[in-house]
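These protein sequences, in sequence, are chains Y and L.
Numbered per the working numbering, the first sequence spans residues 1 to 667.
Numbered per the working numbering, the second sequence spans residues 1 to 667.
Heads up, the thing below is written out as structure tokens.
2 protein chains.
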Amino acid sequence: MTDHFTDLFFHEHPPSSVLIEDVQPMVDNGRYPVKREVGDSLIVSADIFRDGHDKLAAVVRYRERGTGVWTDVEMTFVDNDRWAGTIPLDRYTTYEYRVEAFPDVFNSWRDEVEKKHADGQELSSELIEGARILREAKTRAVGDDIASLDTLIAQIEGDDQQRAVDATGTPETLALLYRCRSKADLVQSEPVLRVKVDRVRARYAAWYSMFPRSAGTVEGKSATLRDVIAQLPRIHEMGFNVLYFTPIHPIGTTNRKGKNNTLHALPGDPGVPYGIGSTDGGHDAIEPGLGTFDDFHDLVAAAKDHGMEIALDVAIQASPDHPWALDHPEWFHIRPDGTIKYAENPPKKYQDIYPINFQNTEWQALWKELKRIILHWVEHGVTSFRVDNPHTKPTIFWEWLIAEVQRDHPEVIFLSEAFTRPKVMKSLAKAGFTQSYSYFTWRNFKQEMTDYLIDLTQGPEKEYMRANFFPNTHDILPVILQEGGRPAFISRFTMAATLSSVYGIYSGYEMCENTPVPDREEYLNSEKYDYKVWDWDREGNISDFISRVNRIRETHPALQEYDNLEFYQASDDNVLAYGKRSADNGDIVVILVNMDPFSAHEAQFELPVDRFGLSVDIPFRVDELLTGETFMWTGRTHHWRLDPHVNPVTIFSITPWLHQDYAEPCY
Amino acid sequence: MTDHFTDLFFHEHPPSSVLIEDVQPMVDNGRYPVKREVGDSLIVSADIFRDGHDKLAAVVRYRERGTGVWTDVEMTFVDNDRWAGTIPLDRYTTYEYRVEAFPDVFNSWRDEVEKKHADGQELSSELIEGARILREAKTRAVGDDIASLDTLIAQIEGDDQQRAVDATGTPETLALLYRCRSKADLVQSEPVLRVKVDRVRARYAAWYSMFPRSAGTVEGKSATLRDVIAQLPRIHEMGFNVLYFTPIHPIGTTNRKGKNNTLHALPGDPGVPYGIGSTDGGHDAIEPGLGTFDDFHDLVAAAKDHGMEIALDVAIQASPDHPWALDHPEWFHIRPDGTIKYAENPPKKYQDIYPINFQNTEWQALWKELKRIILHWVEHGVTSFRVDNPHTKPTIFWEWLIAEVQRDHPEVIFLSEAFTRPKVMKSLAKAGFTQSYSYFTWRNFKQEMTDYLIDLTQGPEKEYMRANFFPNTHDILPVILQEGGRPAFISRFTMAATLSSVYGIYSGYEMCENTPVPDREEYLNSEKYDYKVWDWDREGNISDFISRVNRIRETHPALQEYDNLEFYQASDDNVLAYGKRSADNGDIVVILVNMDPFSAHEAQFELPVDRFGLSVDIPFRVDELLTGETFMWTGRTHHWRLDPHVNPVTIFSITPWLHQDYAEPCY
């Protein structure tokens, strides 16, 4: 029945009585790694206990995956049988970790002896046992410790009980016995767990999404990558550090879509960048209208000079003109008549797109080709990828692809456009995606926003999913932006940039572009189907506001963290009050947002000044970071008014007022 | 780095894209079984999904542990990618279960065809694919199904598309294709999980705890097991069905304790029953003063005649006079001078008790002897054991012992006296104890009681821990009983018997015995150290009340369930309002308790009549089960007064008022 008990009886030694339970953090019992960023610490905790009163010791062991040497970090008792230890994470890599616990023989003995000694009991029997423990410890001692143990044994075996007890309790003795301690009856947590350490940009980034062909100034003509270079100062000035392009590859002509998603393109229509592949090449090529690889290299370099990196779009599908369609029809779904199946969502048909069959008989060649494509762009300087519709491809494929790419390129970031059901979205994050699009795009009201953010930043998913907050995308113009106009653009931007540490906008946002296809959450005259020329300085633009918020993010480390969000009570249902703090309260930022873009609201709100490390009865300093105003406030309860046409949002920095009394006696 | 991906590439077939996550119920990722009782159903649920829109199918497979044949139960989609299936649990045994999921090829195809057909699309290509799916299904068909599939293939390959589509959607076709369906690309949940099915007594029982030597009528002399037989009608009349004895084994004389735990016994002092073992024998013997094995057999039989079973105490420790101390000193802790160590909790010493060393070098012989002891009593008719201080012995020992005993005797119940830290208590329950003592004994106030019960009955521990509620034990006379007197005895009894489905009292409770050792939660003149003669009918006794409550438990199946507890809002902080319902609302019991034993309280309370399946505006019937009063109530809000000296508690049975309108036309 319980087979391991039969096995157990073949062992000479009895099983250890130490138990390790509920090791955290852990995702799906170790099936997937947790995620952190370089420079972080990983606090590993577990319930550790055994029967009776004997003392225990425990360590967290960790090593870089694939290397042999474990490093031990001592765990300490926290409370209620919970222990914790901290692993430093100083490399982009995957670390393995596990917990080990074992009886602390020497300290159990010392504890008993001290209590009996304090009670005045005779200890000769206990001291003999102590000497036995020390002799056993000596078998592990090296160098000077051997002599130190001999001295200690002599003291314990001497005639002076007081001296013997004292000798066993000195800091030097404790350190000595720690070095030589026994790990007999050790128990290891199962399975070995993993933490994937990404660069900080995985957690703290501002994405700017654009169609490179719309970066120019000539109507009806493709802009080039060199036109994009000309845009870099503007985008940099706004404070973005990841510049993401919709696909830059050659676009098919067969069944090409026309303007506003019409079924047939007119001459001169450039087609949808997601209809990838033509006689000019496939996923590893650049659409000739955009330029050459030389142009691309210059763009990557110029972006780097502006502190930005380029993110490409990974849309694994093909136009009927893609080289794969000719060379590898077996990678697609084949109809009984031998032709390749186009994309369908019955009864809808998408004749310009061939989906890939990830589980075809030649799947290994296909998967390797897809890996080659990613590595090809990595070699050309791309370090971030936004993946289109990953939820229509097998999760196991992404798990494989991302692991393969990050093995040699741990710096590469994958953003999952997983606008899909919650569990599918989470499974992609578990499988390896560095970041994920989220439902933020559609969360408009106070309660739903609060609930969602508490899930994201305090629920189990905080260990593996970083939600990248986009208030708009080239596919989605949400109703709140259509209806709410400029105040909504300001408040939604502020929430994206301060609720999450990683966020992005799709270009046009800075001009409050919000003309929809009627009754749809889509842009009218979308760039998806056309070239476009923008007036970046058009009236009503919020570029300066964006720039200011990004500067605030840069100067306030609290806003660069993901899971330090906390909400505060506010008396009005349209006023969202929240904040972020650094762990030492050295940086405290509080944000109020009027979620109603139409009318002014005012609210009484509560600041947890005690958690801020402030006194409830001593004034603290409040700097409003958007206007530059400064206030002195006292206590928990405050009041603020937010007018969508004046101040849809407010951002406070809170600092203690430093008292300087006479610290020295004054003569 | 990710080794299984290397392996993956050696396979010809691509990995399945189906994912199974979060299988429930599950304890510590399957390290321990969940617990249920015979006659229950086990609802197994999991998140099951894959990329894209194709349909899936899933089953729960189960089998009796150690047998080879799996039975499949179909899972159905619930919501949000969650699926569930139900396993019937009709034997006392351990079942294994796991989830299997796989693409539903035929229904995915049918869904596509139906949508396209409704849209008026031409389907010849799809029908060729359909015929291919049917031919593949035929490889699994047997009997008449082969011909049925041929007929269906002919219809699909015929000229009439309408007829072809119709033929694929009939109930007969769906059933046929279900029988022949493909499980290609199947995924299995890991690991295989277990459910331990106990008898109903594991969940629904009333324990009566006593010292058999105090069942008599002669002062200063041990009562016998035959005296206990004489008590059975009285105990049965009160409604108890498990009769638990403190240890009945011979008691040591060396360092025997005297009355009221004095250090030295006087002549005639019987000693503590936990000082087990003398020249008369050890754990497998009966203290001669109590009688013989013949007496014991008669007692077991008489108890059975009264619908009761006998539970013995398992206290694994020895008096210095125990045969083990002579024959197996190696099973104990040995001092440097060769003597056996007595029990200590430094600086306290317990010279009358030798603790066992479970991890001595001869541990296997020891463990086997302990197993023999349990099986010895099982052979003598004992089916329940109360285990003393299990938390001072290795959890792994209990896991082994209980599994070994229950392998051949699945009916045996182990109650853990784990009055220890919460995680240790839970680990013993996980390791196999059928029931556990709990902190109920010390939970006196409304909020702490509510919080604790919500944890027990709605938290993860409900899957493996059944808390047996004792308002007192022979070791514990809680302050609330000392101070609160008879009203407290009534309210605490009612809570024990209705908050949990399994509870017990220590004898004397029915007489409201509450004289403490001053400033301690212990009984003065405790039976632990003496013989005692009781006046069972003494004034103020609550035997009739106990009897009545146990009858209510017997006639109300809702009170026989453990995890169906729900709390209701009540306006007074001393009034606890709660209830239990059968799943079909066929039995609804509502209880109000005044937790203040000193003063009357009245409260407005809210009944969730909609969840009760009642209308808010039609009266329902309320029977007060202690007084026999009946009321007609309407709506959610009601009011009640509880006077500790009149009605410290109230128990309502709620039933709908059955309307009988004319159902037939009346001529």
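For each residue, glycine too, the CB sits at the ideal point set by N, CA and C.
> Residue range of the beta strand (DSSP E) that G613(Y) falls in?
Replying inline: Per DSSP, G613(Y) belongs to no beta strand (DSSP E) and is neither H nor E.
> Roughly how many angstroms separate the alpha carbons of W363(Y) and F332(Y), rounded to a whole number?
Replying inline: Roughly 10 angstroms separates the two Cα atoms.
> Leaving out the 5 sequence neighbours to the left and right, which residues in its chain are closer than 7 angstroms to A265(L) when beta-carbon positions are compared?
Replying inline: Correct list, in chain order: R256, K257, G258, G271.
> How many Å lie between R316(L) and A467(Y) at the Cα?
Replying inline: It is worth fixing the name first, because residue 316(L) is Ile in this sequence and not Arg. Cα to Cα, the separation comes out at about 55 angstroms.
> According to the neighbour-count rule (16 or more other Cβ atoms, all chains shown, within 10 Å of its Cβ), is L312(L) buried or exposed?
Replying inline: Taking a 10 Å sphere around the C-beta of L312(L), we find 16 or more other C-beta atoms and assign the residue as buried.
>> Tell me which residue opens and which closes the beta strand (DSSP E) that K221(Y) is part of.
In response: Neither: K221(Y) is in no beta strand (DSSP E) and is coded neither H nor E.
> When DSSP builds the beta bridges, which residues end up paired with G579(Y)?
Replying inline: As computed with DSSP, G579(Y) is found in a beta bridge with E566(Y), V590(Y).
> Can you list the beta strand (DSSP E) stretches of 3 or more residues lying completely in the segment 403-486 of chain L, in chain order?
Replying inline: Every beta strand (DSSP E) of 3 residues or more that sits fully in the segment 403-486 of chain L is shown, in chain order, as 413-416.
>> Quick check on the DSSP output: the alpha helix (DSSP H) that includes Q155(L) runs from which residue to which?
In response: Run containing Q155(L): 144-156, per the alpha helix (DSSP H) assignment.
>> At the level of alpha carbons, what is the spacing between L499(Y) and L565(Y)?
In response: Spanning the two alpha carbons is a distance of roughly 7 angstroms.
> Which residue or residues does DSSP assign as beta-bridge partners of I651(Y)?
Replying inline: Per DSSP, I591(Y).
> Is the Cβ of T395(L) closer than 9 angstroms to any Cβ of chain Y?
Replying inline: It does; some Cβ of chain Y falls within 9 angstroms.
> For Y97(L), which option in L127(L), D104(L), K115(L), I43(L) has the closest C-alpha, if you only look at C-alpha atoms?
Replying inline: It is I43(L).
> Taking Cβ-Cβ distances shorter than 7 angstroms, what residues in chain Y pair up with I128(L)?
Replying inline: Close to I128(L), with beta-carbon spacing below 7 angstroms, are these residues of chain Y in chain order: P336.
> Hey, quick one: how far does the beta strand (DSSP E) through Q604(Y) stretch, first residue to last?
Replying inline: Segment 601-606, the beta strand (DSSP E) holding Q604(Y).
> For P355(L), does the three-state DSSP call read helix, strand or coil?
Replying inline: DSSP places P355(L) within a strand segment (E or B) once states are collapsed to three.
> Taking any Cβ of chain Y, which residues in the segment 19-41 of chain L have a Cβ under 7 angstroms from it, in chain order?
Replying inline: Correct list: L19, E21, D28, N29.
> Which of helix, strand or coil does DSSP assign to I48(L)?
Replying inline: Strand at I48(L).
>> Could you give the first and the last residue of the continuous alpha helix (DSSP H) run that contains L263(L)?
In response: In the DSSP assignment, L263(L) falls outside any alpha helix (DSSP H) and carries neither an H nor an E.
>> So, at 6 angstroms on beta carbons, what are the nonlocal neighbours of G484(L) in its own chain, with the 5 sequence-adjacent residues on each side left out?
In response: Excluding its 5 nearest sequence neighbours in each direction, G484(L) has C-beta neighbours in its own chain below 6 angstroms: P597, listed in chain order.
> Along chain Y, which residues have their Cβ under 9 angstroms away from the Cβ of Q121(L)?
Replying inline: The contacting residues are P346, P347, K349.
>> Please report the distance separating the alpha-carbon of A583(L) from that of P191(L).
In response: Taking the straight line from one Cα to the other gives about 31 angstroms.
> So what's D28(L) in DSSP terms, helix, strand or just coil?
Replying inline: If DSSP states are grouped into helix, strand and coil, D28(L) belongs with the helices.
>> By DSSP's criteria, N345(L) is part of a beta bridge. Which residues make up the other side?
In response: N345(L) has K348(L) as its beta-bridge partners, per DSSP.
>> What does the Cβ neighbour count give for L326(L), buried or exposed, with the cut at 16 atoms within 10 Å?
In response: Taking a 10 Å sphere around the C-beta of L326(L), we find fewer than 16 other C-beta atoms and assign the residue as exposed.
> Since Q458(L) and A202(L) are thought to touch, with beta carbons under 8 angstroms apart, how far apart are those beta carbons, to the nearest angstrom?
Replying inline: Contact doesn't hold; Cβ gap of about 19 angstroms is too wide.
>> I'd like to confirm the pairing. Which residues does DSSP put opposite I732(Y) in its beta bridges?
In response: This structure cannot settle anything about residue 732(Y), because the visible part of chain Y is limited to 1 through 667.
> Which partner residues does G681(L) have in the DSSP bridge list?
Replying inline: Outside the displayed range of chain L (1 to 667) lies residue 681(L), so it cannot be described from this structure.
> Excluding sequence positions up to five away, which residues of its chain have a Cβ less than 7 angstroms from the Cβ of P329(L)?
Replying inline: Counting only Cβ-Cβ distances below 7 angstroms, and skipping sequence neighbours, we find I340.
> When the distance is taken between beta carbons, is A303(L) closer than 9 angstroms to Y503(L)?
Replying inline: Not in contact: Y503(L) and A303(L) (Cβ atoms no closer than 9 angstroms).
> At a Cβ cut of 9 angstroms, what residues of the segment 91-115 of chain Y count as close to chain L, listed as they run along the chain?
Replying inline: Cβ contacts with chain L come from T94, D111, E112, V113, E114, K115.
>> Quick check on the DSSP output: the alpha helix (DSSP H) that includes G130(L) runs from which residue to which?
In response: First-last of the alpha helix (DSSP H) with G130(L): 124-138.
> Taking only beta-carbon atoms, is T392(L) less than 9 angstroms away from chain Y?
Replying inline: Chain Y contact via Cβ: present.
>> Does S214(Y) come out as helix, strand or coil in the three-state DSSP assignment?
In response: Helix, per DSSP.
>> Counting only Cβ-Cβ distances shorter than 8 angstroms, please list the residues of the segment 40-66 of chain Y near chain L, keeping chain order.
In response: Within the segment 40-66 of chain Y, the qualifying residues are D47, F49, R50, D51, G52, H53, R65, G66.
> CB I251(Y) to CB F296(Y), shorter than 9 angstroms?
Replying inline: Taking 9 angstroms as the Cβ cut-off, I251(Y) and F296(Y) do not qualify as a contacting pair.
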